[in-house]
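**Q** My structure is below; once you've seen it, I'll send some questions.
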Amino acid sequence: MSGMQFNYKDIFRALRLGFSAKKVGMLTLGLLFGFAGYTVLTYLAHMVAGNDWVSVWEIYRLLPFPMPNLPFPWFSWLIYGLGVVWLIIVIMITGAAVAKVTFEQLRGNEFYEASSAFRFALDNAGAIIGSPLLLIAFILVIVAAGLILSAIGSIPYIGPVLVGIMAIPAFFASLFIVYLLIVLLWTLFIGPSIVGAMGNDTFDTLFEVFSCINEQPARLFWFTLVLGFLAKIGSLLFGLASSLAVRIGSFVLTAFMGETFKEMLNGAGFIFQVSVPNWGVFMPFHKLLIWVMNLYGVNQMFSPLYWEVSHWGVYLGAILLSVCAYGIALMVVAYGLSVWFSGNVALIGVLIKKKDDKNIFEIKDEESELLEPDDK
Numbered sequence: 001m002s003g004m005q006f007n008y009k010d011i012f013r014a015l016r017l018g019f020s021a022k023k024v025g026m027l028t029l030g031l032l033f034g035f036a037g038y039t040v041l042t043y044l045a046h047m048v049a050g051n052d053w054v055s056v057w058e059i060y061r062l063l064p065f066p067m068p069n070l071p072f073p074w075f076s077w078l079i080y081g082l083g084v085v086w087l088i089i090v091i092m093i094t095g096a097a098v099a100k101v102t103f104e105q106l107r108g109n110e111f112y113e114a115s116s117a118f119r120f121a122l123d124n125a126g127a128i129i130g131s132p133l134l135l136i137a138f139i140l141v142i143v144a145a146g147l148i149l150s151a152i153g154s155i156p157y158i159g160p161v162l163v164g165i166m167a168i169p170a171f172f173a174s175l176f177i178v179y180l181l182i183v184l185l186w187t188l189f190i191g192p193s194i195v196g197a198m199g200n201d202t203f204d205t206l207f208e209v210f211s212c213i214n215e216q217p218a219r220l221f222w223f224t225l226v227l228g229f230l231a232k233i234g235s236l237l238f239g240l241a242s243s244l245a246v247r248i249g250s251f252v253l254t255a256f257m258g259e260t261f262k263e264m265l266n267g268a269g270f271i272f273q274v275s276v277p278n279w280g281v282f283m284p285f286h287k288l289l290i291w292v293m294n295l296y297g298v299n300q301m302f303s304p305l306y307w308e309v310s311h312w313g314v315y316l317g318a319i320l321l322s323v324c325a326y327g328i329a330l331m332v333v334a335y336g337l338s339v340w341f342s343g344n345v346a347l348i349g350v351l352i353k354k355k356d357d358k359n360i361f362e363i364k365d366e367e368s369e370l371l372e373p374d375d376k
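If you read the sequence shown in the working numbering, its first letter stands for residue 1, the second for the next number, and so on.
This is the structure we're talking about:
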């Protein structure tokens, strides 16, 4: 029923598989939950550092970052890092739920419930989170062994000799770390979809990632690259459609509201802001964000330098419009992620078919007996 051809053509189904109100809604909810934790922890990090949260709010609003001109000690970085990890974990678990919905869809079950998918993802959260953590732990063990070798090398006379003897094993250990980092990257990419589609535990998930990298490296790389491009294109197109919808709605509403609605729109723009720090590591992303905002026309419709309120009704209406703007922004990001996680299910199906000659979407006899009604 899946219609899978088990070749590159299946990857291009990602835009259609991701275009689902259920999946976009699931990821929007996940992003909201993830960003809520990130925002709270980041503001807490600023407050622990002794920074005025109002100054941070004036620049970053609901998407705060550490500010280069404000003190940010190591314990603040630790709290901020917990916020980033929280956001990643929530997205991975939500992505596994979306992958479960997509897997059931490709098997013919179009009505698989989002609540069931979230329960499945939470029940398998250990495998989703544990797979990359196990790799990180293994990398740290190898690094710890290297530190022990370094300590031994500090011993006078005999130390350098022992380090010289262990140079070749140390090189291969370092090379193995490079390999594990590659596996870690793809575990973060496709691990949630593997768990969502197949219900694997931690070790089985890692086995599939290792197997895909070792046996289908070219397909894995190019399919992932194409899928990432499709996710970006899908998010961009959905953002443009949303921007056009906002413009049409604004044009209609100004017919009778006139300057009142324009004042509300300016207020919503004053409240709604998305800013990225122009640090060196963020500069490419900073420029990309400005280009995207210009493309959407958000720089013109939103983000005024100041805002004057005529009465409380306009103020309250502007707040509600800003909430709507944040919701639209989350949906735009959610669609791109929906394309990504849904497409990864197709990607995994293709790779497993190629390397194991196994159709993961095929319904087994015992499963079909459970699905078919009893006529007796």
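Backbone N, C-alpha and C fix where the C-beta goes; we use that ideal spot for every residue, glycine too. Quick caveat: nothing in here was measured; it's all calculated off a predicted structure.
Judging by CA-CA distance, which residue of PHE341, PHE361, PHE272 is the nearest neighbour of LEU188?
**A** Checking every option, the nearest Cα to that of LEU188 belongs to PHE341.
**Q** Is DSSP giving GLU259 helix, strand or coil here?
**A** DSSP places GLU259 in helix when its eight states are reduced to three.
**Q** Give every residue of the same chain whose Cβ lies closer than 8 Å to the Cβ of TRP186, excluding the five residues on either side of it in the sequence, and list them in chain order.
**A** Cβ within range, chain order: VAL209, CYS212, ILE213, LEU220, THR224.
**Q** Only counting the same chain, and skipping five residues up and downstream in sequence, which positions put a Cβ closer than 7 Å to that of GLY126?
**A** The residues are THR202.
**Q** How many Å lie between ALA433 and VAL339 at the Cα?
**A** The structure shown has nothing for residue 433, since the chain only spans 1 to 376.
**Q** With C-beta atoms as the reference, is ILE152 less than 7 Å away from ILE177?
**A** Result no, Cβ atoms of ILE152 and ILE177 do not sit closer than 7 Å.
**Q** Can you list, in chain order, the residues of its chain whose CB lies under 6 Å from that of GLY381, leaving out five sequence neighbours each side?
**A** A query on residue 381 cannot be resolved here, the shown segment of the chain reaching from 1 to 376 and no further.
**Q** Do the CB positions of PRO192 and GLY34 come within less than 7 Å of each other?
**A** Cβ atoms of PRO192 and GLY34: not closer than 7 Å.
**Q** Determine the extent of the alpha helix (DSSP H) in which HIS311 is found, giving its start and end residues.
**A** Where HIS311 is concerned, there is no enclosing alpha helix (DSSP H), given that its DSSP letter is neither H nor E.
**Q** Using the C-alpha atoms, what's the distance from LEU70 back to ASN51?
**A** Looking at the two C-alpha atoms, the distance is approximately 7 Å.
**Q** Ignoring anything shorter than 4 residues or poking outside the stretch 132-198, list the alpha helix (DSSP H) runs there in chain order.
**A** Correct list: 158-165, 167-198.
**Q** So, with DSSP's three-state summary, where would you put ASN266?
**A** Residue state, collapsed to three classes: helix.
**Q** Can you give me the Cβ contacts of GLN300 inside the same chain, cut-off strictly under 6 Å, excluding the 5 residues immediately before and after it?
**A** Unreliable placement is indicated for GLN300, whose pLDDT of 44 sits below 50; no coordinate value is reported for it.
**Q** In whole angstroms, give me the CA-to-CA distance for ALA197 and LEU134.
**A** In a straight line, the C-alpha of ALA197 is about 21 Å away from that of LEU134.
**Q** If we call anything under 7 Å between Cβ atoms a contact, is ARG13 one with ALA346?
**A** Yes; because the gap between Cβ atoms is below 7 Å, this pair is in contact.
**Q** My parser needs the alpha helix (DSSP H) runs of 4 or more residues fully inside the stretch 190-251; what are they?
**A** Fully enclosed alpha helix (DSSP H) runs of 4 or longer: 202-215.
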